[in-house]
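Peer 1: What follows is a structure written as C-alpha cells; I'll ask about it next.
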C-alpha cells in the first residue's frame, strides 16, 4: 500500500481510538454479559440460538452505528476544521486521502468486531459450556458483517463528500435499512409490471444487498454457509464498496474547499 | 527562475441556491515572487488573499489562469513536497500531541524515517514548543497552536513557504518571534509568501509587497518604491493655546483641547514645525508617527476604487 494512504489510515484509526469510539465495547460487554446470564436462566435448549442471534445482531448494529456516525464526519469534519488544508497542501492526492480515511475507519471496525467476537464466543461458552464444530460458521457470519461495514462506510464517505453531516447520516442510514430488505425489494420488482417493474428493479439493484450478507439466522441454527456464497458476497461487497468509494473520489476531486 | 509565478489566476464562485449568480473572488492576477524573497500580500478582510493562497495550494480550482511554483505545476507532488503552508487560524488534530502532529505531517511530506525524529525535535525547539512536545493540542493556547502551525509548515524543510495571516491572534512577543523566524527562513534562502492586513509587519519584513482589494491587484513593488510617492505623518502635541502662524504653510492640521494643541504634520515638515514651536517658546509634549508611509499608500489605493469595485460585485 502507498505509504501516504497508510499514514492517513493509521491516523484515522488513532483518532477513533482517542475519541473513545472503542468505548462502545463496554456497552457491548455489558449487553452480552447480561444476556448470557438471563438466557442461561430462562431458555431451555435454545441458549445457543438466542446468544448467537443476539450477539451477532448487536455486533452488526454497533458497527453500523459507528460506520455511519464516524464515516459521515471523515471528510466534512476535516473541511470544517480546516485540518484538510495542511494535508492536501502536501504531496497527498485527494483520492489517497479518501482511501486512507476509508481504510482507517474500516480498520477500526475490524478491531472493534474482533473484540466483540470474543464477547460473543465467551457468552456462548458461558451458556453452552462447550463449543461445537458448527460454531465455526459464526466466524463466517462475522466476516459478512465486516463486509456490510465496508459497504456502509463507503456509502457514508460518499455522502460525506458532497453533503452535510446530518443529511449524510440520514442517507446512509436509510440505505442501510433499505439494503437490509433488498431481497424483498427484488421480490417485489419481480412481481411488478410495466414502468414500476423497471423502477423497482433499478432501485433493488442500486441499493446495497445487505440481506444477502446476513446469515445470522442460519448460523444460529448451526446451518453451514456455502463456499460459493462466501465468494459471491466477498466479490459483491468489494465491488459495491469500491464503486461507492470511486464515487466519493470523483466528487471530492472536483470539490472547491472554500 | 521565479519561486512563484502566478499567471492570470482568477476565481469566480457561483452563489445562491435557486438563482445562482457569479461572485468574483479574484480577478486575473499576475504576480512573480523571486527565490529568497519575503513577499507580503496585503489587503483588507475579504480582499482575496486567502482565495489566492487556496488556489496556489490546490484547495480550490481556478476559473482561469495557472500558477507555477519553482517552475513546476502546482498540482505536481514533487512541487508540493517543496511547499509549506500555514492556513489562517489553523486547527489541527487536537487528539495528537505536538510531536505526533509533526511526525504525521513529516510522514505525509516524505521525510525519511531515519531523520524524522531528529527533524521533529529540532523544529519543536525552533518554535519554542519543546516543553509541550508531549501535550495534546486540545490543551494548547491560541499562540501555541499558531507555533504548531508554523512548525508543521517547516518540518519538511520546504523551499517555499505560504503563511496566511501568520501573526493573527498572537501577542506582541509572539508576533516578534514569528517575524524573527521569517527573517531566519529568508536567511536560509527560503522564499516566504505571506498574507497580512497588519501593515507594520509587512513594512518591517518584506522585500516586496502586493496590495489586493476586492479581488483586484492594486499595486506591487518594493516597499520603498511604492511609498516614494506618499509620505507618512507625525502628530506633534504642545502645551499652550498658541498656534504659530507659520504652521498652516507647513501643512499642519491643528486641533486644540484645553491648553493642549495637537497638529498632524507631513513627515518632511516635522523639523520645521518643531523649530517654529521652539521659536514661540512652546513646550513640546510629544512627537508620534501617526501612519507609516505604507499605510498611507494602502489607504490611498484602496479607498477611491472601493465604491466602484463594490458596485461591480
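Protein chains in written order, with this note's numbering: chain A, 23 to 280; chain B, 55 to 367. Ideal Cβ placement from N, Cα and C applies to all residues, glycine included.
Assuming residue 314 of chain B is part of the alpha helix (DSSP H), what are its boundary residues?
Peer 2: Careful: residue 314 of chain B lies outside any alpha helix (DSSP H), inside the beta strand (DSSP E) at 314-320.
Peer 1: Where does the unbroken alpha helix (DSSP H) through residue 118 of chain A begin, and where does it stop?
Peer 2: Per DSSP, residue 118 of chain A belongs to the alpha helix (DSSP H) from 116-150.
Peer 1: Taking 8 Å as the threshold (beta carbon to beta carbon), is residue 200 of chain B in contact with chain A?
Peer 2: No, no contact with chain A.
Peer 1: Residue range of the beta strand (DSSP E) that residue 86 of chain B falls in?
Peer 2: Unbroken beta strand (DSSP E) run through residue 86 of chain B: 75-88.
Peer 1: Suppose only complete runs of 3+ residues qualify. What are the beta strand (DSSP E) ranges in the stretch 249-285 of chain B, listed by chain order?
Peer 2: Counting only runs of 3 or more, we get 262-267, 270-276.
Peer 1: Flag this pair as touching only if the stretch 285-293 of chain B and the stretch 117-132 of chain B have three or more C-beta atom pairs under 8 Å; answer yes or no.
Peer 2: No contact exists between the stretch 285-293 of chain B and the stretch 117-132 of chain B.
Peer 1: Taking residue 249 of chain B as the reference, which of B:85, B:95, B:300 has the closest Cα?
Peer 2: Answer by Cα proximity: B:95.
Peer 1: Spatial neighbours of residue 122 of chain A within its chain, please: C-beta separation below 6 Å, excluding the five flanking residues on both sides.
Peer 2: 27, 30, 31, listed in sequence order.
Peer 1: Quick test of the definition: if touching needs 3 or more C-beta pairs under 8 Å, does the stretch 96-110 of chain B touch the stretch 163-182 of chain B?
Peer 2: They do not touch, by the three-pair rule.
Peer 1: Residue 67 of chain B lies in the beta strand (DSSP E); which residues open and close that run?
Peer 2: Its beta strand (DSSP E) spans residues 56-69.
Peer 1: Under 8 Å between the Cβ atoms of residue 114 of chain B and residue 65 of chain B?
Peer 2: In contact: residue 114 of chain B and residue 65 of chain B (Cβ atoms closer than 8 Å).
Peer 1: The ligand GDP heavy atoms versus the CB of residue 70 of chain A: any closer than 7 Å?
Peer 2: The ligand GDP is not part of the structure shown, which contains no ligands of any sort.
Peer 1: Given that a residue counts as buried once 16 or more other Cβ atoms are within 10 Å of its Cβ, and exposed if not, what is residue 38 of chain A?
Peer 2: Buried.
Peer 1: Output, in chain order, the set of chain B residues within a Cβ distance shorter than 7 Å of residue 34 of chain A.
Peer 2: Correct list: empty, because the minimum Cβ distance to chain B is about 10 Å.
Peer 1: Got a sec? Which residues, its chain only, sit under 6 Å from residue 137 of chain A by beta carbon, not counting five neighbours each side?
Peer 2: So the list reads 47, once near-sequence residues are dropped.
Peer 1: Quick check on residue 121 of chain A - is its C-beta less than 8 Å from some C-beta in chain B?
Peer 2: Residue 121 of chain A does not count as touching chain B.
Peer 1: Classify residue 154 of chain A as buried or exposed, calling it buried when 16 or more other Cβ atoms lie within 10 Å of its own Cβ.
Peer 2: Result: exposed.
Peer 1: Do you know offhand how far residue 359 of chain B's Cα is from residue 291 of chain B's?
Peer 2: Only weak support exists for where residue 359 of chain B lies, its pLDDT of 48 falling under 50; the value from the coordinates is given anyway. If I take the Cα positions, the gap works out to 34 Å.
Peer 1: Is residue 209 of chain B near residue 167 of chain B, with beta carbons less than 8 Å apart?
Peer 2: No.
Peer 1: May I ask you to report which of helix, strand or coil DSSP gives residue 333 of chain B?
Peer 2: Correct three-state label for residue 333 of chain B: helix.
Peer 1: Using a 10 Å radius around the Cβ and a threshold of 16 neighbouring Cβ atoms, would you call residue 71 of chain B buried or exposed?
Peer 2: Classification of residue 71 of chain B: exposed, given that the 10 Å Cβ count is below 16.
Peer 1: Flag residue 271 of chain A as yes if its beta-carbon sits less than 8 Å from any beta-carbon of chain B, otherwise no.
Peer 2: No, residue 271 of chain A lies away from the interface with chain B (no Cβ there is under 8 Å from its Cβ).
Peer 1: Look at the alpha carbon of residue 149 of chain A and the alpha carbon of residue 75 of chain A, and state the distance between them as a whole number of angstroms.
Peer 2: The alpha-carbon atoms of residue 149 of chain A and residue 75 of chain A are separated by roughly 13 Å.
Peer 1: Please state the DSSP three-state secondary structure of residue 129 of chain B.
Peer 2: Residue state, collapsed to three classes: coil.
Peer 1: So which of A:36, A:162, A:111, A:77 has the shortest CA-CA distance to residue 49 of chain A?
Peer 2: Nearest of A:36, A:162, A:111, A:77 to residue 49 of chain A, Cα basis: A:77.
Peer 1: Assign residue 76 of chain B to one of two classes, buried (16 or more other C-beta atoms within 10 Å of its C-beta) or exposed (fewer than that).
Peer 2: Residue 76 of chain B is exposed by the Cβ-count criterion.
Peer 1: Step through the CB atoms of chain B and report whether any lies within less than 8 Å of the CB of residue 182 of chain A.
Peer 2: It does not; no Cβ of chain B falls within 8 Å.
Peer 1: Does any residue of chain B bring its CB to less than 8 Å from the CB of residue 41 of chain A?
Peer 2: It does: the Cβ of residue 41 of chain A has a partner Cβ on chain B nearer than 8 Å.
Peer 1: For residue 323 of chain B, count the other beta carbons within 10 Å of its own beta carbon; 16 or more makes it buried, fewer makes it exposed. Which is it?
Peer 2: Residue 323 of chain B comes out buried.
Peer 1: According to DSSP, simplified to helix, strand and coil, what is residue 338 of chain B?
Peer 2: Of the three classes helix, strand and coil, the one that applies to residue 338 of chain B here is strand, per DSSP.
Peer 1: For residue 296 of chain B, name the three-state secondary structure that DSSP assigns.
Peer 2: The answer is coil: DSSP assigns residue 296 of chain B none of H, G, I, E or B.
Peer 1: Output needed in chain order: residues of the stretch 124-152 of chain B with a Cβ under 7 Å from some Cβ in chain A.
Peer 2: Against chain A - using a Cβ distance shorter than 7 Å - the residues of the stretch 124-152 of chain B are 131, 134, 135, 137, 139, 141, 144, 145, 146, 147, 149.
Peer 1: Using a Cβ-Cβ cutoff of 9 Å, what residues of the stretch 156-171 of chain B are near chain A? List them in chain order.
Peer 2: Residues passing the 9 Å Cβ filter: 158, 159, 161, 162, 163, 164.
Peer 1: Which of the three DSSP states is assigned to residue 93 of chain B in this structure?
Peer 2: Residue state, collapsed to three classes: strand.
Peer 1: Which stretch, first to last residue, makes up the alpha helix (DSSP H) that contains residue 212 of chain A?
Peer 2: From DSSP, the alpha helix (DSSP H) with residue 212 of chain A extends over 204-213.
Peer 1: Between residue 260 of chain B and residue 58 of chain B, which are expected to be in contact by the criterion C-beta below 8 Å, what is the C-beta distance as a whole number of angstroms?
Peer 2: At roughly 14 Å, the Cβ-Cβ gap does not stay under 8 Å, so residue 260 of chain B and residue 58 of chain B are not in contact.
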